[in-house]
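Counted from 1, the sequence shown has number 70 at position 88 by this note's numbering; the numbering is strictly sequential. Comments concern the structure below.
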Amino acid sequence: MPDFLTARQLHLTGSVPVLLALAACAAAAVEASATDTDTTMRTYAADLEFLQQHSDVIELRHDDSDARLCLVPAWQGRVMTSAASADGNSYGWLNYELIENGVLPAEQRQGLDAHILAFGGEERFWIGPEGGQFSSFFAPGTTFDFENWIVPSFIDTDPWHLVSKTESRAKFRHRVDVLNWSGHTWQMQVDREVVLLTSDDLEQALDTDLPPTVRAVANETTNTITNRGEESWDEVSGMPSIWILGMMKHGPETTVVIPFETQGQDLGSVVTDDYFGKVPAGRLVVNEAGGVLYFSADGKYRSKIGISPGRSKGVAGSWDALSNALTIVQYNLPEPDRSQYVNSLWERQDDPFAGDAINSYNDGPVGDDQLGPFYEIETSSPALDLAPGESYTHTHRTIHLEGSVAELDAVARKIFGVSLATIEAALP
């Protein structure tokens, strides 16, 4: 344990938010239950039964397909996992050990659990930034190191109020006063709606007709922050952001694909690739002329990349060549006048509003331990300069498609601009 913490502190100082949340997921490698040693092969039905044994679960279904998903109100209404059918592949990564052990009162937690209880889940709500003078993860005036890093309870352990529920959607609400490092308080209301999309919704989102033999599950969350205080949020008091993170199961032939803008002024660098040291060339390939990058999601090497708001096309995804599963993540691009994104480096920053809009993280060993393994695709809203009573909504959509290579190739070409064969051959 001491060696693990030392390695974590060295790697995480100066890092961007998500990895920290992930880094605290477990003190040792996450283990499957005694009856299921390979968690990547667990079905949705098995995961649903496991979650129901340890928490109150809401399952969303609709009549036009076998697709389904489950979420937990006690964990901020996060989507824990989803599948195209009950006996199908379960897409969300779950921290089985933590969930099975249960949640101790804050004063009784030790080690990493004193900083975060990372239950996993395919889609969850956070706010940024994680580091810097406007972070809410550090008490005012404290130094930016792991000992002082604590995930705010409202995005970690606090249950959110279930406002309403139908067969295929659920709405949640939470009110909270968030104190940042600079001593300013954001008085906010968060409204979150999770919707299991219909087949028609999905085809509209993809702007294409899917063959009936393609199995699919897709969810969309609308996440709204309202300034319910009497003061505006600005560059002096700090501006929070909506940050949506998805933990999904890795694979030896899983590749993250992100198209990016190549035309325009002041686009900046194509990718931030040094969050945890420079990503090795064999794990990240950037085709600048073609406007697309490829990033390994094999769960064997801890690394992270980011795409700036100027480069983002509002979409990212992955291809698992072993299971013939295509994942697509979409989010709403902001208005042109919202170009500031929070910077989450663990330091007092010269430019606290020069962060990324899309991130992807690949888990890997740290010393003798490992957090997952899993990989993540994340999206963020701009920094929110909201006046009293003003709101902003960030929409995040997660789509999983299963089918033959021929069926999914057309979708990949349309969404990412490249074939599945190109994706498979991109990384050595």
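All C-beta atoms, glycine included, are put in the ideal place defined by N, C-alpha and C. Just so we're clear, the structure is a prediction, and the values are computed from it rather than from any experiment.
Discussion item. Going by DSSP, what residue range makes up the beta strand (DSSP E) through N162?
Written reply: Run containing N162: none; DSSP gives neither H nor E here.
Discussion item. Closest to V387 by C-alpha separation, out of E79, S37 and S401, would be which residue?
Written reply: Minimum Cα distance to V387 is reached at S401.
Worksheet item: Quick one: Cα of D191 to Cα of L42, how far?
Response: Between the C-alpha atoms of D191 and L42 there is a straight-line separation of about 24 Å.
Item to complete: Could you spell out where the beta strand (DSSP E) holding D173 opens and where it closes?
Response: In the DSSP annotation of this structure, the continuous segment of the beta strand (DSSP E) that includes D173 starts and ends at T167 to L178.
Worksheet item: Can you give the beta carbon distance from T204 to T377, rounded, assuming they're within the 8 Å contact cut?
Response: About 5 Å separates the beta carbons of T204 and T377, which is inside the 8 Å limit, making them a contact pair.
Worksheet item: From what residue to what residue does the alpha helix (DSSP H) around F398 run?
Response: V387 to F398 is the extent of the alpha helix (DSSP H) around F398.
Worksheet item: Roughly how far, in whole angstroms, is the beta-carbon of R265 from the beta-carbon of S278, given that I think they are within contact range, below 8 Å?
Response: About 4 Å separates the beta carbons of R265 and S278, which is inside the 8 Å limit, making them a contact pair.
Discussion item. Taking 8 Å as the threshold (C-beta atoms), are P134 and V172 in contact?
Written reply: In this structure, V172 keeps its C-beta atom at 8 Å or more from the C-beta atom of P134.
Discussion item. Using only the alpha-carbon positions, how far apart do N314 and A187 sit?
Written reply: One alpha carbon belongs to N314, the other to A187, and they sit about 11 Å apart.
Worksheet item: How would you write the range of the alpha helix (DSSP H) that D38 sits in, first residue to last?
Response: According to the DSSP assignment, D38 belongs to no alpha helix (DSSP H), since it is labelled neither H nor E.
Practice prompt. Using DSSP bridges, identify the partner residues of T139.
Written response: Note: T139 sits in no beta bridge, so no partner.
Discussion item. Rounded to whole angstroms, what is the Cα-Cα separation between G84 and T139?
Written reply: C-alpha separation (whole angstroms): 11 Å.
Item to complete: Provide the residue(s) that pair with H376 in DSSP beta bridges, ordered along the chain.
Response: The partner list for H376 (beta bridge, DSSP) reads N205.
Worksheet entry | Given 8 Å, three or more beta-carbon pairs between the segment 344 to 358 and the segment 204 to 222 | Too few Cβ pairs lie closer than 8 Å, so no.
Worksheet entry | Endpoints, the beta strand (DSSP E) within which T63 is located | Boundaries of the beta strand (DSSP E) harbouring T63: R60 to A65, taken from the DSSP string.
Discussion item. Between A408 and T237, how many whole angstroms is the CB-CB distance? I'm expecting something under 8 Å.
Written reply: Yes, A408 and T237 are in contact; Cβ-Cβ is about 6 Å, under 8 Å.
Worksheet item: Going by beta carbon distance, what residues of the same chain come within less than 8 Å of G273, once the five residues before and after it are set aside?
Response: These residues qualify, in order along the chain: P241, F242, E243, T244 and G399.
Worksheet item: Roughly how many whole angstroms lie between the Cα atoms of G296 and A339?
Response: Straight-line Cα distance between these residues: approximately 9 Å.
Worksheet item: How many Å lie between H156 and T404 at the Cα?
Response: C-alpha of H156 to C-alpha of T404: approximately 44 Å in a straight line.
Discussion item. For R379 and A152, which I take to be in contact (beta-carbon distance under 8 Å), what is that distance rounded to the nearest angstrom?
Written reply: Cβ atoms of R379 and A152 stay farther apart than 8 Å, at about 16 Å.
Discussion item. If distances are taken between C-alpha atoms only, which option among D95, S64 and T167 comes closest to Q115?
Written reply: Of the listed residues, the one whose Cα sits closest to Q115 is T167.
Worksheet entry | K147 versus V268 - alpha carbon distance | Their backbone Cα atoms lie some 43 Å apart in a straight line.
Practice prompt. Could you spell out where the beta strand (DSSP E) holding S290 opens and where it closes?
Written response: Per DSSP, S290 belongs to no beta strand (DSSP E) and is neither H nor E.
Discussion item. Once the 5 residues before and after N325 are set aside, which same chain residues still bring their CB inside 7 Å of it?
Written reply: Around N325: P111, G114, Q331, D333, P334, F335, A336 and G337.
Discussion item. Going by beta-carbon coordinates alone, are R50 and Y26 separated by less than 8 Å?
Written reply: Closer than 8 Å, so yes.
Discussion item. Given this structure, state the Cα-to-Cα distance separating V12 from P318, to the nearest angstrom.
Written reply: Note on V12: pLDDT 35, under 50, position unreliable in the model; the coordinate value appears next. Whole-angstrom Cα-Cα distance: 42 Å.
Worksheet item: If we call anything under 8 Å between Cβ atoms a contact, is V158 one with F136?
Response: For V158 and F136, yes; Cβs fall inside 8 Å.
Worksheet item: Helix, strand or coil: which one does DSSP assign to G296?
Response: When DSSP states are grouped into helix, strand and coil, G296 belongs to the coil group.
Practice prompt. Could you name the residues that DSSP lists as bridge partners for K153?
Written response: Residue pairing by DSSP places K153 opposite S146 and E175 in a beta bridge.
Discussion item. Let me confirm a value: M23 is counted as buried when at least 16 other C-beta atoms fall within 10 Å, else exposed. Which label applies?
Written reply: The residue in question, M23, is exposed, as its Cβ has fewer than 16 Cβ neighbours within 10 Å.
Worksheet item: Does the separation of the CB atoms of E149 and L179 fall below 8 Å?
Response: No, Cβ-Cβ distance for E149 and L179 is not below 8 Å.
Worksheet item: Is it true that the CB of L80 sits closer than 8 Å to the CB of C52?
Response: Cβ distance not < 8 Å, so C52 and L80 don't count as in contact.
Item to complete: On a CA-only basis, which of F356, I397 and P316 is nearest Y374? Give me that one, please.
Response: A check of alpha carbon separations from Y374 across F356, I397 and P316 identifies P316 as the nearest.
Fill in: Enclosing beta strand (DSSP E) for Q331 [first to last residue]
No beta strand (DSSP E) holds Q331; DSSP gives it neither H nor E.
Practice prompt. Give the straight-line distance between the Cα atoms of R60 and D391, rounded to the nearest whole angstrom.
Written response: The C-alpha of R60 lies about 30 Å from the C-alpha of D391.
Discussion item. What does the alpha-carbon distance come out to for the pair D48 and E384?
Written reply: Computed Cα separation, rounded: 13 Å.
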